[in-house]
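First comes the structure, then the notes that go with it.
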Amino acid sequence: MTTRPSKAALLRSAFSGLASQYVNVFVQGLVQLGLLALLARLLIPADFGLVGLATVFVGLATLLSQFGLSVGIIRLPTLTDRDVRAGFSLALALGAACTAVVALSAPLVASAFRTPELTPVLRALSLTFILANPSIVAEALLERSLAWNRLMWVNLAAFVLGYAATAIVLALLGWGYWALVGSQLAQALWRSGLLLLMQPHPKRPLISGRELRELTRFGGGFTLARLFNYGAQQGDYLVVGRFLGVTALGFYTRSFKLMQIPAQYFGLIVTKVLFPIMARLQHDPDQLRLTYLLGSAAIGLMSAPLSALMVVTAPELVQVLLGPRWAPTVIPFQVLTAGVVLRNAFLMAYCLDGALGDMRKRTIRDGLYAASVLLGSVVGVRFGLSGVAAAVLLAIVVNYLVAAAMSVRLLGCAWSEYLRAQTPAFVLGIIAVGLALLGRLTLQRLGASPLVVLIGTWVLTSALLLLLLFFRPSITGRYGVHLLRLAGAGLAERMPARSLEWIAPYSSGLARRVASARNL
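Residue numbering for the sequence shown follows our numbering, starting at 749 and increasing by one per position.
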């Protein structure tokens, strides 16, 4: 039986995990942006719309095929070989069952959406479950042991060697939407193989009622909540695909993808790293509260400036990355990106629910969220893609308020404390909007090309924000300063004391915080 890490060790592990995951995101984000730009020129909007619609149903089946197994493995206080074997056996069975269900139901789905091409695409993508499910247990074991570096390399290699390479080759060969289908299957194969290689575990089949009950006791409620959340995340896709067609859905999916690459990944990484740590702190309310508030502050401080820059430079982003024919994505992209900070903020509520095992509140909240997205999208679709995006943004605002209220109650903290963690992000976002608008308008008046306007605005705004944080780190608020100290802990271990001397004349507060981090 393993010894539980100390609280300080957990915090250090959290920031080590964040650092390694952000390396993954930075490289993967660059590759994704390049891939997005290339495929936008090789494929037509209808190709993205068709595969995007198919992916909605495959993603839904993916949630059922996992049935919360990962969460059960992470949360069990003591994990035995029998638990691992039972989980592996169940994962294989669920994968085979979901492959059969998706393949058999493909004609019905295609008929409902009046898109015959969906049938072969869904049947091909149904193989994803057979490829991916064997590695569910291995991935959960890596997360349980906080092995972030190994997970980083697995995800990066699977994306670059599996998804990106396959998509580019098949698109260049003129395979159309099959390039997107093949890339998803290749990524699933690479990822599953690498996870099994990185994390060996007992694989002898075992069907045992006791072990399966332990693993799925938490998984049932977790899966129901995730199904509702998935409905909220993909409900707008269904509405657009059904009422506006696959070409319009192609434009909409690129709006969402462009928003997701540089912004939402940051929030997802923070929550992926913090969930197992918060699960270990579930019996320590004070430390759990601090971790939650720090995570919320970190997500906000990283997301707000990115969101501001993307909203302001949306026309240039679309023109440079996707090309002129993708102009219909600009306004939906701006509207969706305006909600990135709130969307990322309520990811922390999911971490908290999962850590405490309180799935009833999550299920209710996600059910309301899914209903608001679906109903809002049905109303908004009358006004086109922008109307759907606006309805989604309104649903995000409502869900953020509900999630915040539930989290404050679960944590037993005051609203003032919660707002103290959130407010600096919004302030930083407003400052970023002002700086970005100033930079963009100045460059446009100078007659700069869209590429120069885009790069110049991002560089200028980022540089000014970094200078502001360097000279006035207190603008990040109490929890932002705490984050700087924790981040400085890793820096201080590698930085000689004399290396801090050059910082002190310019920002004594920052130098003092980095130096004091040695004592954490």
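The C-beta atom is built at its ideal place from N, Cα and C for all residues, glycine as well.
Would you tell me roughly how many angstroms separate the C-alpha atoms of residue i and residue j, rounded to the nearest one?
i, j, result
"L944", "L1104", "29 angstroms"
"Y911", "V779", "10 angstroms"
"I955", "D1114", "32 angstroms"
"A858", "D1101", "36 angstroms"
"S1155", "S931", "38 angstroms"
"L899", "G1128", "39 angstroms"
"S1255", "R1220", "In this prediction, S1255 scores a pLDDT of 47, lower than 50, which makes its location untrustworthy; the coordinate-derived value is nonetheless stated afterwards. If you take the alpha carbons of S1255 and R1220, they lie about 8 angstroms apart."
"V1175", "R1168", "11 angstroms"
"D831", "A1153", "36 angstroms"
"N1147", "I1112", "11 angstroms"
"E891", "I822", "7 angstroms"
"R1157", "Y1227", "20 angstroms"
"G983", "S1125", "8 angstroms"
"A1075", "V1229", "41 angstroms"
"G993", "F976", "24 angstroms"
Looking at the structure shown, is residue i part of a helix, part of a strand, or coil, going by DSSP?
i, result
"I792", "coil"
"R833", "helix"
"P953", "coil"
"G930", "helix"
"Y1166", "helix"
"E959", "helix"
"T876", "helix"
"C846", "helix"
"Y925", "coil"
"T1190", "helix"
"T803", "helix"
"G983", "helix"
"F861", "coil"
"G1195", "coil"
"T826", "coil"
"Q814", "helix"
"P868", "helix"
"T1061", "coil"
"Q776", "helix"
"T971", "helix"
"Q935", "helix"
"P948", "coil"
Please determine, among the options, the residue with the shortest C-alpha to C-alpha distance to residue i.
i, options, result
"L787", "G957, K1005 and L1176", "K1005"
"G1160", "P1033, L790, V1088 and E1064", "P1033"
"A934", "K1109, L920, I916 and K951", "I916"
"D795", "V819, Y1000, A839 and L890", "Y1000"
"L1054", "P868, V799, G1177 and L852", "G1177"
"L1090", "L1141, R1130 and L1041", "L1141"
"T1077", "V1207, F877, S1003 and V1150", "S1003"
"Q1170", "L920, L1041 and P864", "L1041"
"H949", "L1194, A886, P1198 and V1145", "A886"
"A880", "T1224, S893 and T810", "T810"
"L921", "Y1117, L790, F1218 and L894", "L790"
Is the beta carbon of residue j closer than 9 angstroms to that of residue i?
i, j, result
"L1183", "T1061", "no"
"S1120", "N1092", "no"
"L1065", "F1081", "yes"
"G924", "I1079", "no"
"A1027", "L1231", "no"
"R958", "R833", "no"
"L1122", "L986", "yes"
"G843", "G820", "no"
"T1039", "L1049", "no"
"L840", "P882", "yes"
"V1083", "L904", "no"
"V929", "V849", "no"
"M1007", "G1043", "no"
"L808", "L866", "no"
"A1173", "T1209", "no"
"T971", "F815", "yes"
"A1145", "G1071", "In the sequence under discussion, the amino acid at residue 1145 is Val, which differs from the Ala named in the question. It is not a contact, given that the beta carbons lie outside the stated cut-off."
"G989", "V804", "yes"
Where does the unbroken alpha helix (DSSP H) through residue i begin, and where does it stop?
i, result
"C1099", "L1095 to L1104"
"R965", "No alpha helix (DSSP H) contains R965, which DSSP labels as neither H nor E."
"L1315", "It is not possible to answer for residue 1315, since the shown part of the chain is limited to 749 through 1268."
"T1085", "V1078 to A1086"
"R1108", "M1107 to G1128"
"S1003", "V994 to M1007"
"A1151", "G1132 to L1159"
"G1204", "P1198 to F1219"
"A1074", "Residue 1074 is actually Trp in this sequence, not Ala. Where W1074 is concerned, there is no enclosing alpha helix (DSSP H), given that its DSSP letter is neither H nor E."
"V908", "Unbroken run through V908: none, as it is neither H nor E."
"I822", "L817 to R823"
"L894", "Note, L894: premise wrong, no alpha helix (DSSP H); not H, not E."
Just checking: is the beta-carbon of residue i within a distance shorter than 9 angstroms of some beta-carbon in chain D?
i, result
"S813", "Going by chain labels, chain D is absent from the structure shown, which holds only one protein chain."
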